[in-house]
Amino acid sequence: MLPPLHAFLCLLFFVSSSISSHSSASSLHSSEDELSQMLSSLWHMDSEHRKLFHNEFRISSADDGGRLVAVLPRPSAVLSRPIVTAFGQLCNVLQSVNPNQSNNNSLRQKVDLFLAEMDKSPIFKKASEFYSAHRLSNSNSFKQKFRSLWFFPSSAIPFGSLMCRFSAFSGNWLSFISAQKRMNVKRLVVERESEDMALVEFGGSDAGGANVAAMRGNTQPQKRHFALGDSVEFELSALTLCALLRRERHQQKKRCTFKTDEENGQTELSIEVQTSRETGDEHTRQIFRAFAFVPLKRDGPSSAPISVDDFSSAIPEKRDGGRRSGRIGTVAAKRWQSMGTNKTMGRSKSMPSLRGPTNIQQLVDQMWEKDTERVNESMVRVDWQQHIPSRRVIDVSDSPFLAVSDESFLQRPIFAALVDIYNEQLFHPPVCQGEAPMNEQRRAKFDTLWALITRSEIYRMAYDYLDRLGKVDGLDFDAFTRQLFDRWFGAYTRCGTCKNGKCSRHGGPLGSSGWEHVFSGEWRGEIVDGHHSWVRFYLQQKAGDIEYHGYYVKPRHGQFIGTIQYKWNQYLKRIGGFMIGTSPAFDFSMLTACILTEPGDRKCKFQLKETPMFVSSFLEDCVIDGSFRHNFCIATAYPGIGNSNES
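Count the sequence shown with mature numbering (1 follows the signal peptide of the UniProt record, and there is no 0) and you get residues -20 to -1, 1 to 627, in order.
Structure, rendered in structure tokens:
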């Protein structure tokens, strides 16, 4: 089975440019491998932008492959970027003026503004440096070439209809967001693994695509792939480099391929640029066609990629009992099935997956390696100070526990989302004070952090591990994730008991949830309950609310976990602790994996950096959406070292 394939663009444009055939053929010295490596490098540089998009992206499972989306969101974090604002303003002008009016002052101003933003981009600068190293010494700069390619001053400027308008043959995800409400979208599916590609099926008033298809004698709904979340600067820089540097025997057509180096196999993406002579000058060519596509291999000895012209008929259709067929045969059918839910991959809901680690030690090792958001020890230093003997309550330390020299990690999206929740003060620390019900408005405040965690590679590893062990109740990824939210946020009481299948004020107020207990912390009587987030601890320490007493146990190597004693606003945490420096995704995923496989007192055991560790976790009766659930919700989960006994 082929690995999932991801496309970043399916773009057709008619852009005027002058490219000398002798300079492009004999004087630009970029090899195919060098150009491919550069495009891969630009793709990886763009990963943060794709993450920014997916932070605000929520999808659900489709029955017949991939994951079905009702509508693409308008990601505010992406749309507020200056370059995207400039792109939008340029599109507005291009769609409102005569495209032949290249001397239009308003248009020229918007073009200059957009190019100025492009010039600030690290991706554009890297592409420019690469071009400079491989061009003729007397040829124009990359910036000049870029301008002439996309905004040739003596000809029509089709940038608006090709970049700003979505159809079967033009546009990107930004233009799709603007057009989707006017389109007759029949089906929108996002690829399952990395969610970097979407397939849309549409017909009717689709901003031009259906009309083009009708002229070709094809009245069937149109299908095309396009990328999700890649940046404007990546798309244009990659296309421009391919147009300028790729050398082919016949200069009219150029194809650039590169690897995305995905976790599950290297996915190959291609860009194709075609030129034609549109002037009397034999040496001058103009680009009139450029697009990118996923080069699927056909069955048999040929490995020629299928271009975008083949794509609509190459996508396999569902027929007779869910069997799939198509022009590209069984390889494509298997690829399409690989984008689906567990059910569409030929596995019943009750059949465990064969993916993922086989034990908790393997899982923790792999998650630790993949925790790219973990904060470096040079930024967060632990001052252990004095050891507390036995189980005494005593303050033997004078300085704060955590010394942070660089708070820039708090600006990372996943940490910033966690801090936002703390700043919102969504929980009441007194455990016997009832919490607000988890309605849509309250839940929306957790959406950003929840999406960042559950879209992370670490969380996916935890899901695969649980799925392999048959611990996901036969649910696919999305259904399991929805259920997990209820288990972490379902309300229960710590001031009484649930009786006769009901939790009410007679059994105590519903003042707790697993999330509040673990990641925020509570007060019960004169003690601290839960409070197992190092980020929460640090922010409260910084505010002067934490009085550190000393430590009980520390790891053999490093400072990634500690068992300590402290007070939070005069409430005592006699024996407590947390992981230190780890990302919220790591903490959440590790605890979840232990809760659902080995619940109980110190039942989940593993080693980290040669330090024996455990996770204790317990479930609790709770109320979700007004319904009682027996032993369903997470009451607590916390890590420890050796023989420490936290709560």
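The beta carbon of each residue, even a glycine, is placed where N, CA and C say it ideally should be.
As the structure is a prediction and not an experimental result, all values here were calculated from the model.
Expected contact under 8 Å - CB spacing of R516 and R474 to nearest Å: Mapped onto the sequence shown, residue 516 falls at position 536. Mapped onto the sequence shown, residue 474 falls at position 494. Incorrect: roughly 18 Å between the Cβ atoms, too far for contact.
field: C-alpha gap between K425 and G491, whole angstroms
entry: Position 445 of the sequence shown, counted from the first residue, corresponds to residue 425. Position 511 of the sequence shown, counted from the first residue, corresponds to residue 491. The alpha-carbon atoms of K425 and G491 are separated by roughly 18 Å.
query: So is D453 buried or exposed if we call it buried at 16+ other beta carbons inside 10 Å?
result: Along the sequence shown, read from residue 1 onward, the residue named residue 453 stands at position 473. Exposed, by the Cβ-count rule.
query: Where does F131 fall in DSSP's three states?
result: The residue labelled residue 131 in the question sits at position 151 within the sequence shown. Here F131 carries a coil assignment [DSSP, helix/strand/coil].
- request: Provide the residue(s) that pair with E502 in DSSP beta bridges, ordered along the chain.
  value: The residue given as residue 502 occupies position 522 in the sequence shown. DSSP output for E502 lists D509 as bridge partner(s).
- prompt: For T352, is the classification buried or exposed, using 16 other Cβ atoms within 10 angstroms of its Cβ as the cut-off for buried?
  reply: Sequence index remark: in the sequence shown, residue 352 carries index 372 (1-based). Exposed.
message: Can you tell me whether residue 629 is buried or exposed? The criterion is at least 16 other CB atoms within 10 Å of its CB, across all chains shown.
response: Since the first residue of the chain shown is -20 and the last is 627, residue 629 is not available in this structure.
Spatial neighbours of N356 in its chain, beta-carbon cut-off 8 Å, leaving aside the 5 residues before and after: As a first step, residue 356 must be located in the sequence shown, where it is residue number 376. Cβ contact annotation for N356 (same chain, cutoff 8 Å, sequence separation greater than five): G561, in chain order.
- request: State the start and end residues of the unbroken beta strand (DSSP E) segment that holds M570.
  value: Counting from one through the sequence shown, the residue named residue 570 turns up at place 590. Taken as a continuous stretch (DSSP letters only), M570 belongs to no beta strand (DSSP E), being part of the alpha helix (DSSP H) at P564 to T577.
field: Reference R88, options F131, Q124 and N120, closest by Cα
entry: Taking the sequence shown and counting its residues from 1, the one referred to as residue 88 is at position 108. In terms of Cα proximity to R88, the closest of F131, Q124 and N120 is F131.
field: Where the beta strand (DSSP E) containing Q545 begins and where it ends
entry: If you number the sequence shown from 1, residue 545 lands on position 565. Where Q545 is concerned, the enclosing beta strand (DSSP E) stretches over I541 to W548.
field: L168 - partner residues in DSSP beta bridges
entry: Residue mapping note: residue 168 aligns to position 188 of the sequence shown, counting from 1. In DSSP, L168 forms a bridge with V180.
- request: Compute the beta-carbon to beta-carbon distance between F594 and D601, rounded to the nearest angstrom, for a pair I have assumed lies under 8 Å.
  value: One-based indexing of the sequence shown puts residue 594 at position 614. One-based indexing of the sequence shown puts residue 601 at position 621. Not a contact, Cβ separation roughly 25 Å.
message: Our contact map puts L208 next to M177 with C-beta atoms below 8 Å; I'd like the distance itself, whole angstroms only.
response: Locating residue 208 in the sequence shown gives position 228, where the first residue counts as 1. Locating residue 177 in the sequence shown gives position 197, where the first residue counts as 1. With a Cβ gap of about 7 Å, L208 and M177 count as contacting.
query: Taking the C-alpha atoms as reference points, what is the distance between M418 and R467?
result: Counting from one through the sequence shown, the residue named residue 418 turns up at place 438. Counting from one through the sequence shown, the residue named residue 467 turns up at place 487. Cα to Cα, the separation comes out at about 12 Å.
message: In the DSSP assignment, the alpha helix (DSSP H) including H497 goes from what residue to what residue?
response: To locate residue 497, count along the sequence shown from 1; it is residue 517. Note, H497: premise wrong, no alpha helix (DSSP H); not H, not E.
- prompt: Does the segment 522 to 532 come within contact of the segment 572 to 584, defined as at least 3 CB pairs closer than 8 Å?
  reply: The segment 522 to 532, when compared against the segment 572 to 584, does not touch it at the 8 Å Cβ threshold.
- prompt: How many angstroms separate the CA atom of T324 from the CA atom of D444?
  reply: Translated into the one-based positions of the sequence shown, residue 324 becomes position 344. Translated into the one-based positions of the sequence shown, residue 444 becomes position 464. At T324 the pLDDT is 31, less than 50, meaning the model places this residue with poor confidence and gives no usable figure here.
query: Which term fits N549, buried or exposed, when burial requires 16 or more other beta carbons within 10 angstroms of its beta carbon?
result: What you label residue 549 is simply residue 569 of the sequence shown in a count that begins at 1. By the 16-neighbour rule on beta-carbons within 10 angstroms, N549 is exposed.
query: Is the segment 153 to 168 close to the segment 95 to 114, with three or more CB pairs under 8 Å?
result: With a cut-off of 8 Å on Cβ pairs, the segment 153 to 168 is not in contact with the segment 95 to 114, counting fewer than three such pairs.
message: My output table needs one value for L519: the three-state DSSP class, helix, strand or coil.
response: As a working note, residue 519 is residue 539 in the sequence shown. Here L519 sits in helix by DSSP.
query: Which one of I433, Q124 and H497 has the shortest CA to CA distance from A565?
result: As a working mapping, residue 565 is identified with position 585 in the sequence shown. Selected option, being the one with the closest Cα: I433.
message: Rounding to the nearest angstrom, what Cα-Cα distance links V498 and L446 in this structure?
response: Taking the sequence shown and counting its residues from 1, one reaches residue 498 at position 518. Taking the sequence shown and counting its residues from 1, one reaches residue 446 at position 466. Looking at the two C-alpha atoms, the distance is approximately 21 Å.
- prompt: The beta strand (DSSP E) spanning A148 covers which residue range?
  reply: Along the sequence shown, read from residue 1 onward, the residue named residue 148 stands at position 168. Judged by DSSP secondary structure, A148 falls outside any beta strand (DSSP E); it is assigned neither H nor E.
query: Where do the ends of the beta strand (DSSP E) carrying R204 lie?
result: Numbered from 1 along the sequence shown, position 224 holds the residue referred to as residue 204. Per DSSP, R204 belongs to the beta strand (DSSP E) from Q202 to A207.
- prompt: Hey, S211 and H29 are a contact pair by Cβ (cut 8 Å); roughly how many whole angstroms apart?
  reply: Along the sequence shown, one-based indexing puts residue 211 at 231. Along the sequence shown, one-based indexing puts residue 29 at 49. By a beta-carbon distance limit of 8 Å, S211 contacts H29. Their separation comes to about 4 Å.
message: According to DSSP, is I560 part of a helix, a strand, or is it coil?
response: In the sequence shown, residue 560 corresponds to position 580, counting from 1. In the structure shown, I560 falls within a coil segment according to DSSP collapsed to helix, strand and coil.
task: Could you tell me which residues DSSP puts in a beta bridge with V51?
output: One-based indexing of the sequence shown puts residue 51 at position 71. Paired residue(s): none; V51 is not in a bridge.
query: Is I368 helix, strand or coil when you go by DSSP?
result: To locate residue 368, count along the sequence shown from 1; it is residue 388. Coil, per DSSP.
query: Among L599, F67, T65 and D13, which one has its Cα closest to the Cα of G470?
result: Residue numbering aside, residue 470 sits at position 490 when the sequence shown is read from its first letter. The residue from L599, F67, T65 and D13 with its alpha-carbon nearest to that of G470 is L599.
query: Curious, which full-length alpha helix (DSSP H) runs of at least 4 residues does the segment 421 to 469 contain?
result: Runs of the alpha helix (DSSP H) inside the segment 421 to 469: 427 to 434, 437 to 448 and 457 to 469.
field: Member of F407, G183 and K106 whose CA lies at the smallest distance from the CA of A218
entry: Residue numbering aside, residue 218 sits at position 238 when the sequence shown is read from its first letter. Selection F407, G183 and K106 evaluated against A218 yields K106 as nearest (Cα-Cα).
- prompt: Shortest alpha-carbon distance to L224 belongs to which of I621, D567 and S11?
  reply: Residue numbering aside, residue 224 sits at position 244 when the sequence shown is read from its first letter. Looking at I621, D567 and S11, the one whose alpha-carbon comes closest to that of L224 is S11.
- prompt: What separation, rounded to the nearest whole angstrom, lies between the Cα atoms of Y439 and G556?
  reply: Reading the sequence shown from its first residue, position 459 is the one you call residue 439. Reading the sequence shown from its first residue, position 576 is the one you call residue 556. Computed Cα separation, rounded: 25 Å.
field: Limits of the unbroken alpha helix (DSSP H) element including L219
entry: Within the sequence shown, numbered from 1, the residue matching residue 219 stands at position 239. Annotation: the continuous alpha helix (DSSP H) that includes L219 extends over V212 to L225.
field: 9 Å Cβ cutoff met for L382 and I401
entry: Within the sequence shown, the letter at position 402 stands for residue 382. Within the sequence shown, the letter at position 421 stands for residue 401. For L382 and I401, no; Cβs fall outside 9 Å.
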